[in-house]
Amino acid sequence: MEITTPLSLDVLALINDGRMQYGLRHQDYQRYREYTAHRLRRLRQILNLVQANTKTTNRQKEVPENFSDVRYLHLFVYDTERAWAYAMELKQESTNSLETRKHHHLTKRLKRAAQHAEKLVTLCEQNTVDARTVLDAKAYAATMKGYLYFEQQNWQNAIDQFVEARTIYERFASTNSSGHQEALCYSAMDDIDPNIRFCAYKLQLGGGGGSAQDIDALVTTLKQHRNGTGMDLLEAQLAKVGEEHRKEQAQALAHMTWRQEHFDVKNTQMADAIVKAQTTTKKSSSSSSGVVAQYDGILSDWADAEKRIKKLLKEDKEAVAKVTSSKSAKTTQELEWIHAYIAYHLYAYSIQRNLALIDEIQASHGKVQKRIKLWDDILKNVNYMRDLPCIKESHDFESELDVLTNYYKAQRLILVAVAYVEMQKTPEALALYQRGQTYLAHTKQGIQHSRGFDKDAVLKVSMEDATHLEQTIRTGIYKAQATWYLENDDGMDVDETDTTTEQQTLTKKMDQLELADEVALIKRLDVYPTSLAGPVPHLIDLPPSFAPVPCKPFYFDLAANHIKYPPTLDERASSEKSSGLWKFFGFGN
């Protein structure tokens with residue numbers, strides 16, 4: 001029987017629905033095992049694989065070699081799940097007892113689960129099943145074999161199987177079209193990662209830390225040092241599946257909407273290039289490896305897409321010069337919007353890469369000049385965005401670019417002012433800080449008067465970012481003013497060499513002084529310092545923040561003059577005054 005349509009099975013979705021609905025939400029493995037057994041009996045009845053129970057035989061009917069019903073694959077999935085659930089149930093019981101027999105029994109059940117999973121892979125390879133289902137079954141079988149080797153304390157084979165399964169799930173997570181499938185892949189990776197760390201600890205391998213970056217580095221190292229061609233073959237299969245997925249997305253990308261503008265992508269190669277760039281961007285954003293290195297691949301794919309759209313624009317221009325039709329203007333406009341979409345993302349991710357480089361240079365205490373050069377490149381990229389033909393017609397986009405320009409110029413002026421302070425040019429530094437405050441005021445004004453950044457915007461500036469930058473500028477102004485007053489103290493009569501040394505020491509101390517984020521010492525007297533040897537502490541806030549002050553009411557004394565007291569009080573007061581002297585001589589009562 002010839003099968004034309006390949007079968008498809010999402011193993012992760014199938015087992016996750018059963019596990020969460022029938023017991024494993026509360027770690028009830030017995031209930032889940034009973035569910036899988038009942039499901040197996042029901043599937044065999046539906047597929048007519050039930051054989052009468054006689055005294056001579058109780059063998060089950062074999063699955064046919066060729067089939068067109070995906071439920072035949074479900075049989076092996078539920079067989080595997082039943083054996084695995086029984087093993088986990090025995091593991092729960094063995095942790096509370098000292099019997100070694102149960103551990104032996106659970107190992108046998110895991111071995112049976114691995115055998116059923118391997119049969120599932122073989123059946124998928126022998127029949128017409130799509131490549132994604134085959135890889136999904138391989139990842140499932142590798143996970144089961146990893147659990148078996150883990151219980152047998154065969155750490156090397158266990159970590160190899162876990163790495164293979166994690167590699168497949170990681171690639172699936174970056175190429176999935178739905179958020180549900182992506183979440184399932186990441187959940188499977190989270191279940192595998194602790195086993196990889198423990199195996200690495202037993203094998204005394206480095207990188208078995210607790211962070212996601214450590215596990216990614218460990219898996220990368222293990223894949224590089226793994227012997228044989230198995231991993232190369234797996235990578236080739238994953239690349240093939242990823243290419244098929246990109247083609248499907250490219251076919252679905254016939255119509256795009258970007259910044260409330262609708263346009264069609266009619267060229268298949270152009271759509272494939274856009275999908276490839278989008279996939280690389282999504283994959284890099286979910287990865288935890290080097291930040292700057294991620295942007296190299298992103299920029300490369302977007303640059304390839306830009307070259308392709310420029311070629312299409314050139315061909316369209318030549319065609320319009322020869323023959324003009326009623327559809328020529330619409331086609332040209334769509335190509336220009338595609339070019340604007342690609343160029344915007346290319347410039348935006350180039351800016352993000354420069355921002356990441358600035359953070360790295362600052363963390364490594366690099367030269368200020370390098371960071372200033374990167375800020376110049378950032379401002380150039382913003383100007384390139386402004387020159388895009390379709391962008392000039394959008395007022396909202398122009399407002400966004402104005403906010404970005406003013407914000408980035410303020411950032412650049414801060415670095416230039418710091419450089420002038422280091423060169424003992426305090427007046428020039430103060431002038432630059434004031435110019436930075438002007439740009440920052442324009443930034444805040446633009447944020448308040450605009451509708452906010454578009455949902456498709458890659459680069460965004462919030463009011464919190466502007467407020468934080470304003471505090472940084474104020475801190476720089478206070479430090480520059482303090483440095484200038486200390487440097488120009490006329491009461492100091494020292495040699496030139498001593499003056500230079502003191503100025504260097506002063507500059508170093510002022511650089512160590514951080515006023516932006518640290519709470520003043522006078523507000524945290526109940527906190528004991530962790531170290532007595534450190535930079536100059538932040539004693540008080542200067543200038544001090546406004547606070548309410550209690551004061552006497554202004555009209556209190558005037559109101560007292562208009563109070564009328566009872567007349568009896570005056571009589572009592574006069575009687576006490578008249579009798580006071582006679583009482584002294586003994587004549588009073």
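Residues in the sequence shown are numbered consecutively from 1, following the UniProt record's numbering.
For every residue, glycine included, the Cβ atom is placed at its ideal position computed from N, Cα and C.
Compare the Cα-Cα distances from residue i to each of the options and report the closest residue.
i, options, result
"isoleucine 159", "Gln204, Thr175 and Phe397", "Gln204"
"isoleucine 342", "Glu62, Val320 and Ala303", "Ala303"
"leucine 12", "Ala141, Gln45 and Thr128", "Ala141"
"aspartate 456", "Tyr147, Tyr149, Arg474 and Glu261", "Glu261"
"tryptophan 258", "His339, Ile309, Thr280 and Leu218", "His339"
"tyrosine 344", "Gln369, Gly366, Lys367 and Ala277", "Ala277"
"threonine 467", "Gln448, Tyr485 and Ala480", "Gln448"
"alanine 188", "Lys202, Leu374 and Ala173", "Ala173"
"tyrosine 347", "Thr5, Ala305, Arg524 and Asp359", "Ala305"
"proline 194", "Thr175, Thr472, Gln434 and Asp214", "Asp214"
"tyrosine 485", "Lys425, Gln471, Ile540 and Lys523", "Lys425"
"valine 63", "Thr36, Leu123, Leu24 and Glu81", "Leu123"
"threonine 475", "Arg524, Val421, Asp526 and Ala113", "Val421"
"tyrosine 169", "Ala419, Tyr147 and Arg132", "Arg132"
How far does the alpha helix (DSSP H) with residue i in it reach, from first residue to last?
i, result
"aspartate 160", "155–175"
"methionine 385", "368–386"
"histidine 74", "71–95"
"methionine 463", "463–487"
"serine 350", "328–363"
"histidine 26", "Unbroken run through histidine 26: none, as it is neither H nor E."
"isoleucine 414", "395–422"
By the three-class DSSP mapping on this structure, what secondary structure does residue i have?
i, result
"methionine 20", "helix"
"histidine 562", "coil"
"leucine 539", "coil"
"lysine 311", "helix"
"alanine 431", "helix"
"proline 194", "helix"
"cysteine 124", "helix"
"glycine 491", "A caution first: glycine 491 carries a pLDDT of 47, below 50, which makes its placement in the model too unreliable to give a value."
"serine 284", "helix"
"lysine 425", "coil"
"leucine 14", "helix"
"residue 592", "With the chain running from 1 to 589 in the structure shown, residue 592 is simply not present."
"arginine 101", "helix"
"aspartate 526", "coil"
"glycine 436", "helix"
"cysteine 551", "coil"
"cysteine 185", "helix"
"threonine 229", "Residue confidence for threonine 229 is low, a pLDDT of 45 falling below 50, so the modelled location carries little weight and cannot support an answer."
"phenylalanine 150", "helix"
"cysteine 390", "coil"
"glycine 446", "helix"
"glycine 210", "Any reading at glycine 210 is ruled out, since the residue's pLDDT is 47, under 50, leaving its predicted position unreliable."
"glutamate 65", "coil"
In the DSSP output, which residue or residues are listed as bridge partners for residue i?
i, result
"phenylalanine 263", "Met256"
"aspartate 7", "The amino acid at residue 7 is misidentified as aspartate; the sequence shows leucine. According to DSSP, leucine 7 bridges with Val129."
Less than 9 angstroms between CB atoms is the rule here; does residue i satisfy it with respect to chain D?
i, result
"tyrosine 439", "As a matter of chain content, chain D is missing from the structure shown, which is built from one protein chain."
Determine, using beta-carbon pairs with one atom in the segment 22–42 and one in the segment 89–106, whether at least three such pairs fall under 8 angstroms.
The way I'd put it, the segment 22–42 does touch the segment 89–106; three or more beta-carbon pairs between them come closer than 8 angstroms.
Does the count of Cβ pairs from the segment 164–176 and the segment 95–106 closer than 8 angstroms reach three?
Taking a contact to require three or more Cβ pairs closer than 8 angstroms, the segment 164–176 and the segment 95–106 do not qualify as touching.
Pairing CB atoms from the segment 352–364 with CB atoms from the segment 291–300, are three or more of them under 8 angstroms?
Counting Cβ pairs under 8 angstroms, three or more are found: they touch.
Quick check: the segment 413–432 against the segment 449–464, are at least 3 beta-carbon pairs closer than 8 angstroms?
Counting C-beta pairs with one atom in each stretch, the segment 449–464 and the segment 413–432 have fewer than three that are closer than 8 angstroms, which means they do not touch.
Are at least three pairs of beta-carbons, each pair with one atom in the segment 396–409 and one in the segment 431–449, less than 8 angstroms apart?
Taking a cut-off of 8 angstroms on C-beta distances, the segment 396–409 touches the segment 431–449, as three or more cross pairs fall below it.
Below 8 angstroms, how does it come out for the segment 265–272 and the segment 396–403: are there three or more Cβ pairs, yes or no?
The segment 265–272 vs the segment 396–403: no contact.
Does the segment 141–152 come into contact with the segment 12–25, if we say contact requires no fewer than three beta-carbon pairs (one atom in each stretch) closer than 8 angstroms?
These segments do not touch.
Validate contact between the segment 368–384 and the segment 304–322 using beta carbons, cut 8 angstroms, 3 pairs:
These segments do not touch.
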